[in-house]
């Protein structure tokens, strides 16, 4: 076998390039500690949003939109309404929403049909569904259950008194059948073999007539069956490497999933090789030789293949070449996958365990990532191992079932000879068989190994199945059937409020045209839903901002406020900001977009990590608890005894005081290697201010519009890091904790720093004092860093403290349930009177003090891509949590520092959990910037990096003119459309439909004040 | 005072029943009813914990009788099964910490499972489990203990399959359940033997009369209960089930597989201390199995990379040590060890959710590189000493095959003999038959061709073979009657098959079993 395969450099190159292409389809799976929110479809970001989603669907099989049922629920809750749908339909000119389809009896436009197709299920029914509808729901004599009440009334009222619901519906159905030249011939699955002689003869004749080849017209039924089955099988094999692997083929033929065995092996091996902290014994030789070679060295010692009775395993392991690419070529050749399908086949394999493939790929693409583990795994290693294991188990199935080897040619030969068996198997294991045929098929399969091959039994059963299939016997399906055309029109017409009377004069061609329109609309439906959803939210938000504009103050900082609080721009801070402002203390609040990450980074870099005795103790205790207690046989009983009192305290605390318990745990477990533990005082008090830091601080104040008018007390407010798992790295920069902002406050209180800032046009009065606080948005409590606060400021501080201590009236948000769906960049006055439900990033920016737009430019460059990444990470984790998310977090099980799996042996899952996305409104980020439109045009012309996000519609940009308050929508071609309140929001403010009050409350924007 | 003991398991049981009925009728569903479910469960379990504690205090002051007879379940001339509880000693002393651990895990679950689709189901199982475990610990007779033991096994199955939409979880749950059934069988055998030899199924009678039993009888009894305990406490060779069980929500893993469930084997062993002490062999078995399991858990634990499996093997190791202590006769030590161990593991598992954050910057110390290079050792550890495939090979696959053989036997022999009705098919079942009928020729179009050729040469060869076959059939086989040939072939097949079957080891094993059964 292996001799026959020639491994040439060209082939190797081929494999290498195929693996490089996998980068585009595999999810980006960074290890947990390097995890950052990102657009999972980053590699498609150069395409327009909808194209990118279509491409991703084709390549990765993922669905990029919320399920339609979910959208319908949102509609029920009033968060999408008919006006939104109509507007969304008109947005796409190719849909020709206003074209009139049918003049008589009443003018019906495309849009009418589209709306019904969106709101109600108009898909064809399966034979069983139709049978159910007719017999159990009595659908041919009553209204469809989802017909709105008004339409029912309309249908009934238009007719004379002697028409009842029953006759109305029955007539309609009959008329549609007549128009389409159909007969009501639906059969029960149980009765589908009870053909009358006429029916059977008709079917047979029809079948014969449908054959194109002349030779087949004359052939017997069995010959035609054979021909058809062979053709199907060949087509299935063609799919190998498109969306089908040999694993799928075996599942279809035997119902056995080789991945059940292979998955465990792959997980054990890969996690052992990539382990970062948990295992005391990792794959020997992984650093020196790499994953594949290290595995090859141990593979021969494993007696698992022997115990599982895998055929030829010793030969297959012994034949493994030194190089992983060669191994891939060898296995693909031995399985006889046609070389043209190799690329696709490798893609299919990689996508079967996207989590691990993604992780290995990420590690390969990021050689700079140097964890405690220095293995350099490659996708080639991973796939070579996967293919080899696949082959071992494929061989087992093929040998046990058919006594053949697992190669394409062997399978082809076998099933060419035993076509009936193929037919029976494929129907049984795909679940297409009716209940009463299943036992027969199972008995036959069971007896396969036991008795000699009884061809007649297989043939008979295949005949029965073939006959049972009935209508699908012919290769070309009829144009119309009662299941699709008639049923669809039947439902559509009821929703349109049309009866048999109305359809009398409509021709068959016109009906067909309606069906075509319906069919062509199908792929566009999800996109229309999304557009309508986004539009509704946008109009609501813009309307609220528009109506409050009149109240907006033109100048800020007058009269001089008592205190100014600078928050991070996190949406969860909104509640506290409102609370402070509402207390009428003369407090101004700001949302800072970028909290000088570099300043902190610089501070931490300068601090050499030297463990104090205290820290050493902490380190040792943690090691004892997390590792020794687990893996040290002799020490652990003693340790347990010592740990018992603490454990009991912990247990009781975790049950009765979970928040306090969590904060203690977090404090105990703070990593020692970061800046958080180094004292803020030292660096900030002694270090000479470097120009870069000063520049950044000046930039911050300019952006905030806070260059003059400082209040006596300015408070920086950070967030504890545990508020932001698992986005550790980015959170540390974007949302600094109390200690980090305390460092900045200390720095700002230095006279030399203020002097330098004054040179940058930031004039801070002498009586201004900077202090810091930490706001725990989960626990809703504040920690103040009030050391050295001068006496003069104590009164103000006390007021602030009291206000913050009051119970938050906005209600608690879900822990970690960040629903960042919009961002407002502008003065606080824009949003001060609007209650945004904590779903909007609020970044302060004063356009009045930035005549050239340069500060905005810096700001957007810094935050726009990041916000969009966060938004898209949530978006995709919400729409397809299987692929982009990490499933149910209550089942999570950490794999060293790499990531999590659900339960004991699932694939690696690293995205956002279902709990984190449960309340996320899946839509693209809506950005509203307060700036003159012409300045924004110039800015976008300068910044090529920002344009694609807008041009390819990965976010929706809107602008408010700071002076006039006019609102504009920025189109993908960067032109501006004026947004007017009257035109757009009348509909948007229709009262919300009754529904679950809680979910409809989400995402509402209301004006208060 | 003693009569309170009946309420300890009864309260969570009532909660479970209410929750079960509520879900059955759809009253308990969704987020709105979460507070009801949580408060009902917590109240029930808190009360039974308080009852257990007060009973313990009463016992300390000598206010209890040590047992309580609640009534008789059923009785006959030879056997009376009463509903009696033990309210003293080891049973009570373990019931208190167990109830506390369950309560803590339940409190934790209230927030942990908030908004989960299976919230109410989870609490139903949790309550039922609490009731079962407390019943198991406090019951005064074997049959009721066994009922608690069984129900707790069922609950474990239900909780592992909590995410039953995931095939892996469902599969693992079944596997764990089946492994535990082996222990149950042995428990049941123990009960039967105890009744035969002692004439009672009360634990107190067993402990008293065990001294009168012959050595071999005492040994057999002890080994029966030891096997049950090994299965429940994940000792060799049953160990692999414990890591498979880590599929449910973290809180349940802590309560079931960190704390209570997995220790119930140990509790059984310690409670039967006097039985084991009668037999040196049984003690040796405890020691040997315990030692082997501890080593097994230790070595396999070295290569584990996910936190739940790692803790799982740590649990196996410590349980091995506890059995070792039992085997050496340090009963008191073993009792303390097991209770402390249960608390520590429960806490470790409850906090395992944040493992990644908590272990930033610290690592397990690697084993010495000299040892790390032993490749076969690594493979053995990584593959967990192949216990699962070995079980499949020796037990699961033969049993499955046996099942298939029986099904074949049913279909082809029993049905034929009994004249079971064939599936009802119309006279005109298939189109092929219709065509056959129309054309009047059999439409068997898969002719007996030996080879299918393509191209001229191929077709030529095919044609030749068909002609030759025709000649053979006409000239050579016409001599004998065709039926004779078919019949002969048939008989040959059957003979082959019987021979094949009889040579399989599974039938040899079956015969051995049957012989053994006949002898006893």
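Protein chains in written order, with the numbering used here: chain A, 3 to 1011; chain B, 4 to 523. Note that CB positions come from ideal geometry on N, CA and C, so glycine has one too. No experiment lies behind these values; they were computed from the predicted model shown.
So the candidates are 503(A), 30(A), 25(A); which of them puts its Cα closest to the Cα of residue 885(A)?
30(A)
Using 8 Å as the threshold, is the stretch 347-355 of chain A in touch with the stretch 372-389 of chain A, meaning 3 or more CB pairs across them?
yes
With C-beta atoms as the reference, is residue 191(B) less than 8 Å away from residue 149(B)?
yes
Please compile the residues from chain B whose C-beta is within a distance smaller than 9 Å of the C-beta of residue 904(A).
166, 169, 171, 172, 250
Whole alpha helix (DSSP H) elements within the stretch 279-323 of chain B, 4-residue minimum:
283-305
Does any residue of chain A have a CB that is nearer than 8 Å to the CB of residue 392(B)?
yes
Return the residue from the list 108(B), 206(B), 381(B) that minimises the CA-CA distance to residue 286(A).
381(B)
Scan the stretch 790-878 of chain A and note each continuous beta strand (DSSP E) run of 3 residues or more that stays entirely inside, going in chain order.
824-828, 842-846
Below 7 Å on C-beta distance, what does residue 378(B) contact in chain A?
286, 299, 300, 303
Quick one: grab the DSSP three-state call for residue 961(A).
strand
May I ask which residues mark the beginning and end of the beta strand (DSSP E) holding residue 566(A)?
565-570
Is there a C-beta anywhere in chain A that falls below 8 Å from the one on residue 107(B)?
yes
Alpha carbons only, please: which of 632(A), 916(A), 797(A) is nearest the one belonging to residue 875(A)?
916(A)
Counted within 10 angstroms of its Cβ, other Cβ atoms place residue 440(A) as buried (16 or more) or exposed:
exposed
Where does the unbroken beta strand (DSSP E) through residue 424(A) begin, and where does it stop?
Here residue 424(A) belongs to no beta strand (DSSP E); instead the alpha helix (DSSP H) covers 421-431.
So with CB distances below 9 Å, who are the chain A contacts of residue 87(B)?
Ordered by position in chain A, no residue passes the 9 Å Cβ test against residue 87(B), which lies about 32 Å from the chain.
Using a Cβ-Cβ cut-off of less than 7 Å, list which residues of the stretch 119-150 of chain B approach chain A; keep chain order.
119
Is residue 309(A) closer than 8 Å to residue 379(B) when the C-beta atoms are compared?
no
For chain B, find out if any of its Cβ atoms is closer than 8 Å to the Cβ of residue 642(A); answer yes or no.
yes
Pull out every residue of the stretch 336-353 of chain B whose Cβ sits closer than 8 Å to any Cβ of chain A, in chain order.
340, 343, 344, 346, 347, 349, 350, 351, 353
Would you mind sorting residue 52(B) into buried or exposed? The rule is 16 or more other CB atoms within 10 Å of its CB.
buried
7 Å CB neighbourhood of residue 54(B) in its chain, flanking five on each side removed:
7, 10, 11
Pull out every residue of the stretch 908-936 of chain A whose Cβ sits closer than 8 Å to any Cβ of chain B, in chain order.
908, 917, 920
Residue nearest to residue 247(B) in terms of C-alpha spacing, selected from 945(A), 895(A), 943(A), 913(A):
895(A)
Inter-stretch contact at 8 Å, needing at least 3 Cβ pairs: the stretch 302-311 of chain B / the stretch 263-273 of chain B:
no
Assess contact between the stretch 208-226 of chain B and the stretch 128-139 of chain B, defined as three or more Cβ pairs (one per stretch) separated by less than 8 Å. Is contact present?
no
Rounded distance between the beta-carbons of residue 947(A) and residue 858(A), thought under 8 Å
Not a contact, Cβ separation roughly 14 Å.
N- and C-terminal bounds of the beta strand (DSSP E) containing residue 635(A)
No beta strand (DSSP E) contains residue 635(A), which DSSP labels as neither H nor E.
Identify every run of the alpha helix (DSSP H) within the stretch 182-266 of chain B, keeping only runs that are complete inside it and at least 4 residues long; order them along the chain.
206-212, 218-235, 244-247
Run the CB neighbour count on residue 1084(A), radius 10 Å, all protein chains shown included, and call it buried at 16 or more, exposed below.
Residue numbering for chain A in the displayed model covers 3 to 1011; residue 1084(A) lies beyond these limits and cannot be assessed.
To the nearest whole angstrom, what separates the beta carbons of residue 524(B) and residue 128(A), a pair I think is in contact under 8 Å?
Because chain B here runs from 4 to 523, residue 524(B) falls outside it and cannot be looked at.
Residues of its chain near residue 51(A), where Cβ-Cβ distance is below 8 Å and the 5 sequence neighbours each way are ignored
926, 954, 955, 956
If you drop the 5 nearest sequence neighbours on each side, which residues of the same chain put their C-beta closer than 6 Å to that of residue 535(A)?
82, 925
Use the C-beta contact count for residue 807(A): other C-beta atoms within 10 angstroms, 16 or more gives buried, fewer gives exposed.
exposed
Taking the continuous beta strand (DSSP E) assigned at residue 589(A), which residues delimit it?
589-594
If you compare alpha carbons, which of 577(A), 268(A), 420(A), 88(A) is closest to residue 833(A)?
577(A)
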